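There are 2 protein chains.
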Amino acid sequence: MDIKAQLAAYGEAINDKLDEAMLLPNVPQLLKRAMRYSLEAGGKRIRPCLVLGTSEMLEGDREAALVLGCGLEMIHTYSLIHDDLPCIDNDDMRRGRPSNHKVFGEGQAVFAGDALLTYAFEWMLGQGIEKNDRNYYRAVLEIARRAGAGGMVAGQSLDLEAEQNGIADERALYAIHDRKTADMLIAAVLAGAYTANPTGEQLRSLESYASGIGLLFQITDDILDHEGDEALMGKTLGKDEKSNKLTFVSLYGLEKAKTLAEETARQAAQQLLPFGERAGFLHDMIDLIKDRKN
Amino acid sequence: MDIKAQLAAYGEAINDKLDEAMLLPNVPQLLKRAMRYSLEAGGKRIRPCLVLGTSEMLEGDREAALVLGCGLEMIHTYSLIHDDLPCIDNDDMRRGRPSNHKVFGEGQAVFAGDALLTYAFEWMLGQGIEKNDRNYYRAVLEIARRAGAGGMVAGQSLDLEAEQNGIADERALYAIHDRKTADMLIAAVLAGAYTANPTGEQLRSLESYASGIGLLFQITDDILDHEGDEALMGKTLGKDEKSNKLTFVSLYGLEKAKTLAEETARQAAQQLLPFGERAGFLHDMIDLIKDRKN
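Going down the list, the protein sequences come from chains A and B.
The first sequence begins at 950 in our numbering and counts up one residue at a time.
The second sequence begins at 950 in our numbering and counts up one residue at a time.
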């Protein structure tokens, strides 16, 4: 199947499962509306698609992959709600709609995020309790680790600190993106792998692969931002005309950033060699991220 | 052992375990400091003490009870950090010290809360992974349920909504307190019970007991607030002189609120009858809450 069709098929399965997960009969109306508002805002469901694609590659349990993918999407969504708050990024818009706190108020947005995060674990644990499968719990644990104090939240905290004090250096830039972006992609492929019976070697290859596409995602993001700014200004920008924010483009310049993207894509692809032909979907994801236009 | 000594002994064991849990070698310095700041602010550790006491009563696994108790305390602490934020209760002080956002800023306080919540699950799941004990996962699931969108966060969201729009009636008041206060106490005793091999009947009695002490806690809180206000004003306050906030005292008057506290305490004690003499600690907790002076 071509990658766009595959993503659409995965996305539909995920959205159906999310509808099931988000019935929430015991949740007060306002809180439920706030939780659903952001979850249904129509993201690309990249993380759950990676869970499904990895699970399918290793002939894992598709039902478990769907459940874990929904949990990851809830966690990703809560992180966007909190990131958009006035005391953090202060973004009024998200995915073309007013951000959560613009609709529900800041306090309810904090709670909607807290509720989505807690519910992700309630949902994943609740669906797993009758299986009693150790690999399933390893997947949930991996998600908690990568989403938490040493993973995504660490990246968000470092990013905010850097925003306030300036990023010190290249190393700090990589550390922030590894944690803020890559960790949740790593969680996705490892969770997908745990729905099968992965070897340690497979887990290591998949972790490197996801770390690579995380970096690739960030580099291409910086390139797109840079080119968008240039289009807006109608000219080629010199380094000094850009904002102070340290990005891969401000660090290396545009051409070298593009070369780095190519190199990162090549290295990610190499990690898929042990999986042979079955790695088609994960392979196509690299190109999709590298060649995206937004 | 007398209740004060028992609480001190449990508290020490909990604090030692929390020190172990909070080493956090992979967490950035600022985030780690913000997480520890609120956790080490010296709460009474009521919830973990209930886990330990219930576990001991049923001859459960003490080590598991310690781990689950620490998880609950992390979740309780995160909820206080977020509740104190300017967009929610706007409290500058907590437990006699500046609240988290006054020290670390609002954005970092949001992340410190998010990190504590996520880490609670990382910690509990990480400690449980080698056991592969279904009752242990039931305990973690119970904690997620009671802390989340249908439990504590529901109570917080309803409370904020009521603060903004006024509480409609008695039923709403009970609904808020059940979820905001009682649910985490229920999670504590049920988690403690799951460290043993509880019967369904035992679980039901313990849930009713904890629901009762949650209500008792709230009624006595309202009575203490009322008496504190009176002492401050140097006279007996009429209903109309109090704030508009609906409390058990404003709803029933002081005397009837005291009667309701006695009745609630009696009903909670009845739930402990099936456990006989082994329920000493849980029994003493009722009196402790009923007769507290702050």
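Glycine residues also receive a C-beta, built at the ideal position from the N, C-alpha and C atoms.
Keep in mind that this is a model prediction, so the values were computed, not measured.
Comparing alpha-carbon positions, the option among Gly1183/A, Ala1088/A, Ile1168/A and Pro1223/A lying closest to Arg1241/A turns out to be Ile1168/A. Comparing alpha carbon positions, the residue from Ser987/A, Pro977/A and Ile995/A closest to Ile963/A is Ile995/A.
Residue pairing by DSSP places Pro1047/A opposite Met1042/A in a beta bridge. In the assembly as shown, Met1042/B is an exposed residue. Its beta-carbon has fewer than 16 other beta-carbons within 10 Å. For the pair Leu1007/B and Ile1235/B, the Cα-to-Cα distance works out to about 18 Å. When 7 Å is used as the limit between beta carbons, Thr1067/B is near these residues of chain A: Leu1066, Ala1093, Ala1096, Gly1097, Ala1098 and Val1102, in chain order. Relative to Ser1028/B, the option among Asp1174/B, Leu1066/B and Leu1015/B whose CA is nearest is Leu1066/B.
The C-beta separation of Leu1090/A from Ile1024/B comes to about 17 Å, leaving the pair out of contact by the 8 Å criterion.
Counted as a single uninterrupted DSSP element, the alpha helix (DSSP H) harbouring Thr1067/A occupies residues Glu1055 to Gly1077.
Taking 7 Å as the upper bound on Cβ-Cβ separation, chain A lies near residues Glu1055, Gly1056, Gln1057, Val1059 and Phe1060 of the segment 1048-1061 of chain B. Using a Cβ-Cβ cut-off of 7 Å, Gly1075/A is close to Leu1090 of chain B, given in chain order. Closest by C-alpha distance to Ala957/B, out of Tyr986/B, Arg982/B and Leu1001/B, is Leu1001/B.
Shown here for Met984/B: same chain residues with a beta carbon closer than 8 Å to its own, the five before and five after excluded, namely Met971, Leu973, Val976, Ala1061, Ala1064, Leu1065 and Tyr1068 in chain order. Around the beta carbon of Gln1113/B, fewer than 16 other beta carbons sit within 10 angstroms, so the residue counts as exposed. Residue contact with chain A for Tyr1086/B: present (Cβ-Cβ distance below 7 Å to some residue of chain A). Taking the C-beta atoms as reference points, Phe1197/A is found nearer than 7 Å to Asp1171/A.
Within chain A, no residue has its CB atom less than 7 Å from the CB of His1126/B, the nearest being about 14 Å off. Under the 7 Å criterion on CB atoms, Asp1063/B is classed as interfacial with respect to chain A. Straight across, the Cα-Cα distance linking Leu967/B with Cys1019/B is about 6 Å. Rounded to the nearest whole angstrom, the C-alpha separation of Gly1229/A and Glu1055/B is 44 Å. Only His1031, Leu1034, Cys1036 and Ile1037 from the segment 1017-1046 of chain A bring a Cβ to less than 7 Å from some Cβ of chain B. In this structure, DSSP gives Gly992/B a state outside helix and strand, which the three-state scheme calls coil. By the criterion of a C-beta distance shorter than 8 Å, Leu980/A is surrounded in its chain by Gln1057, Phe1060, Ala1061 and Ala1064, once the five residues flanking it on both sides are discounted. In the three-state scheme derived from DSSP, where H, G and I count as helix and E and B as strand, Ala1140/A is classed as helix. Per DSSP, Lys953/A is one residue of the alpha helix (DSSP H) stretching across Ile952 to Ala970. One Cα belongs to Glu1211/B, the other to Cys1036/B, and the distance between them is close to 36 Å. The C-beta of Val1138/A comes no closer than 7 Å to any C-beta of chain B. Annotation for Asp1236/B: the continuous alpha helix (DSSP H) segment containing it runs Gly1229 to Lys1239. Across the structure, Tyr1123/B and Gly1161/B are spaced so that their CA atoms are roughly 12 Å apart. In this structure Pro1223/A is exposed. Its beta-carbon is surrounded by fewer than 16 other beta-carbon atoms within 10 angstroms. Distance between Glu1022/A and Ala1137/A, taken at the CA atoms: about 10 Å. Only exposed fits Arg1083/B, as fewer than 16 other CB atoms lie within 10 angstroms of its CB. In summary, Thr1208/A is exposed, with fewer than 16 beta-carbon neighbours lying within 10 Å of its beta-carbon over all protein chains present.
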